[in-house]
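Reading through the structure tokens given below for one structure.
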Amino acid sequence: MTTPGGSDPSGPGETGPGPGGPGPGGAGPSGGSGAGPHGESWVAHGRRRWIAALLALVLVAAAVVAVISLNRPGTEAQPAATQSEAPSPSPSETPSETPPPPPPPPPAPAPPPPPEPIPELPPAPMNVLVIGSDMRGIAKDAAAHTAATGEPMDHRSDALMLVHVPADRSTLYIVSINRDTWVDIPGFGGGKINAGLQYGGIDMTTQTVQQLFGITIDHTLMLDFGGLKVLVDGLGGIDVNVPFAFQSTHDTGHIFGPGVNHMDGQAALEFSRERYAFSDGDFQRVRNQQILLKAILARLTGGGALNDVNAVRGLVDFASCCLTVNKGFDPVQAAILAYSLRNLDTNAIGTMTLPTAGSGFIAGQSVLFPDYGSIFAVGAALREGRIGEFARP
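Below, the structure is given as structure tokens:
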């Protein structure tokens with residue numbers, strides 16, 4: 206199909222006569238080349254069509270890109286920013302703020318004040334009476350009842366040891382008294398020495414021993430069965446050098462081998478009470494009680510524990526639950542005494558048993574008769590600081 210003026214939309218036509226006369230492309234009278242009805246050339250008309258087509262193509266491509274972007278997985282349409290939302294400045298545009306300096310560390314706590322020193326005892330000898338009550342209850346309560354009312358209580362001294370502390374505190378001397386020794390009990394007359402605890406508590410027992418030796422006793426300590434167990438267990442047990450093998454006839458029937466035995470509270474109690482397993486009965490029992498006391502002292506002084514003021518006070522606080530003491534022997538006095546023994550040589554502790562002059566019966570009771578001549582000599586040695594002549598390690 207040809208357009209007016211002999212032009213083809215797709216390009217120039219063939220040469221031929223046009224309405225305006227011959228010429229290439231059918232030139233008209235005006236000399237224009239291929240003008241249409243409105244006087245436009247096919248070139249200008251074609252250019253506009255090409256521009257329109259290109260614009261349409263660009264719009265279509267932009268629409269396709271938008272659709273693909275909206276449908277891409279994980280991509281969400283973002284709301285248009287409103288004028289009230291200012292764009293966030295990039296990190297390079299925002300000056301970094303200097304963080305405030307950290308607060309200064311709190312001041313270090315002040316060190317605790319040093320423990321108050323324990324005063325030294327004056328360099329003078331001392332006598333301490335140690336009583337082991339046979340009460341299975343609380344002997345402290347029984348002693349308090351007797352002291353308050355004067356009424357006797359049903360317990361006796363199963364162990365009775367006079368401990369002499371020399372002025373230099375380098376060692377100790379232990380004089381054991383058999384429980385069946387027949388003596389004069391002040392205010393009651395003759396009787397076994399262990400009955401003094403029943404009649405008048407620790408005060409009466411103290412008076413009886415003072416009278417027997419002719420000495421002054423500075424302090425008295427009493428321990429019952431339960432207290433001994435608590436004390437030994439609280440120390441973590443003790444190492445006791447057993448002289449020979451035997452089996453206890455009490456409670457658990459503990460078997461003791463010869464040599465060093467590590468004992469808990471129950472074993473220590475059975476070791477200290479046994480007498481029926483020995484041919485000489487109570488004499489071996491008091492020797493075993495001396496061995497046990499030395500083991501406790503070795504445990505207390507081992508490792509320099511008594512050099513530590515706080516440890517000494519802690520020990521006294523702990524032992525106060527188990528011990529009954531004479532009036533005036535408060536924890537401060539006990540700590541002073543314990544601290545004074547910090548250099549004690551337990552291997553040098555001397556021991557002996559009160560001299561006796563045979564056994565017999567009085568009022569149906571098996572008793573030991575005291576050897577008063579020898580006892581007088583021992584009393585003099587105690588007063589004069591010569592007890593080491595009798596009590597040997």
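Position in the sequence shown (from 1) plus 205 gives the number in this note's numbering. Even for Gly, the Cβ is constructed at its ideal location relative to N, Cα and C.
Leaving out the 5 sequence neighbours to the left and right, which residues in its chain are closer than 8 Å to glycine 406 when beta-carbon positions are compared? Its chain contains Ala347, Ala348, Thr351, Ala352, Met358 as the residues whose beta carbon lies nearer than 8 Å to that of glycine 406, once the 5 sequence neighbours on both sides are disregarded; these appear in chain order.
Can you round the beta-carbon distance between histidine 360 and glutamine 412 to whole angstroms, since I take them to be within the 8 Å contact cut? Contact flag wrong, Cβ pair sits at about 17 Å.
Relative to the C-alpha of proline 320, which residue among Ile460, Asn512, Thr529 is closest? Checking every option, the nearest Cα to that of proline 320 belongs to Asn512.
Is there contact here, the region 448-458 with the region 330-342, by at least three beta-carbon pairs under 8 Å? By the criterion of at least three beta-carbon pairs nearer than 8 Å, the region 448-458 is not in contact with the region 330-342.
Name the DSSP beta bridge partners of phenylalanine 566, please? The partner list for phenylalanine 566 (beta bridge, DSSP) reads Ser571.
Whole angstroms is fine: what's the gap from glycine 593's alpha carbon to proline 314's? Taking the straight line joining both Cα atoms gives about 52 Å.
Touching by the beta-carbon criterion (3+ pairs, under 8 Å), the region 429-437 and the region 463-479: Taking 8 Å as the limit for Cβ pairs, the verdict is that the region 463-479 does touch the region 429-437.
Which of the three DSSP states is assigned to arginine 597 in this structure? DSSP places arginine 597 in strand when its eight states are reduced to three.
For serine 525, collect the residues of the same chain with a Cβ closer than 8 Å to its Cβ; drop the 5 residues on either side in sequence, then sort them by chain order. Only residues of its own chain outside the window of five on either side were considered, and among them Pro536, Ala539 have a CB closer than 8 Å to the CB of serine 525, listed in chain order.
Whole angstroms is fine: what's the gap from aspartate 606's alpha carbon to valine 447's? In the structure as shown, the chain starts at 206 and stops at 598, and residue 606 therefore has no counterpart that could be examined.
Taking 7 Å as the limit between beta carbons, can you name the residues of its chain near isoleucine 496, skipping five residues before and five after? Within the same chain, isoleucine 496 has close Cβ partners Val445, Asn446.
Any idea what DSSP makes of serine 362, helix, strand or coil? Note: serine 362 maps to strand in three-state DSSP.
Under 8 Å, do glycine 470 and valine 521 count as touching if we go by C-beta distance? No, Cβ-Cβ distance for glycine 470 and valine 521 is not below 8 Å.
3-residue-minimum beta strand (DSSP E) runs that sit fully inside the region 439-470, ordered along the chain: Segments of the beta strand (DSSP E) lying fully in the region 439-470: 443-447, 464-468.
For histidine 369, is the classification buried or exposed, using 16 other Cβ atoms within 10 angstroms of its Cβ as the cut-off for buried? Classification of histidine 369: buried, given that the 10 Å Cβ count is 16 or more.
Select from Ser545, Ala596, Ala473, Gly396 the residue whose C-alpha is nearest the C-alpha of glycine 555. A check of alpha carbon separations from glycine 555 across Ser545, Ala596, Ala473, Gly396 identifies Ala596 as the nearest.
Looking only at DSSP bridge pairs, what is serine 375 linked to? Partner(s): none; serine 375 has no beta bridge.
Nearest to methionine 468 by alpha carbon, out of Gln416, Ile443, Ile343? Minimum Cα-Cα distance from methionine 468 among the listed residues Gln416, Ile443, Ile343 corresponds to Ile443.
Considering only the beta carbon of each residue, do isoleucine 420 and glycine 584 sit closer than 8 Å? Yes. Within cutoff.
CB-CB length for glutamine 452 against alanine 482, believed under 8 Å: Contact holds; Cβ gap of about 6 Å.
Taking Cβ positions, are valine 572 and serine 564 nearer each other than 8 Å? Yes, the Cβ-Cβ distance between valine 572 and serine 564 is below 8 Å.
Threonine 351 in three-state terms, based on DSSP: When secondary structure is reduced to three states using DSSP, threonine 351 falls in the helix class.
Which residues does DSSP pair with asparagine 332 in a beta bridge? Per DSSP, His369.
Taking leucine 528 as the reference, which of Ala344, Met340, Gly441 has the closest Cα? Of the candidates Ala344, Met340, Gly441, the residue whose Cα lies closest to the Cα of leucine 528 is Ala344.
Bridge partners of glycine 395, per DSSP? The beta-bridge partner set that DSSP reports for glycine 395 consists of Asp389.
On the DSSP bridge list, what partners appear for valine 530? Per DSSP, Leu426.
In the DSSP assignment, what residue or residues form a beta bridge with threonine 551? Threonine 551 pairs with nothing; no bridge assigned.
Among Ala582, Gly464, Leu428, whose alpha-carbon lies nearest the alpha-carbon of asparagine 531? It is Leu428.
Which term fits glycine 509, buried or exposed, when burial requires 16 or more other beta carbons within 10 angstroms of its beta carbon? The residue is exposed, with fewer than 16 neighbouring Cβ atoms inside 10 Å.
Classify valine 465: buried if its beta carbon has 16 or more other beta carbons within 10 angstroms, exposed otherwise. Exposed.
Can you tell me the Cα-Cα spacing of valine 414 and isoleucine 323, whole angstroms? Just so you know, the alpha carbons of valine 414 and isoleucine 323 end up roughly 30 Å apart.
Output needed for glycine 486: all residues of its chain with C-beta closer than 6 Å, excluding positions within five of it in sequence on either side, in chain order. Counting only Cβ-Cβ distances below 6 Å, and skipping sequence neighbours, we find Arg480.
Using a Cβ-Cβ cut-off of 6 Å (strictly less than) and excluding sequence neighbours within five positions of proline 214, which residues of its own chain qualify? Summary for proline 214: the model assigns pLDDT 40, below 50, so the residue's position carries little reliability, and this model does not support an answer.
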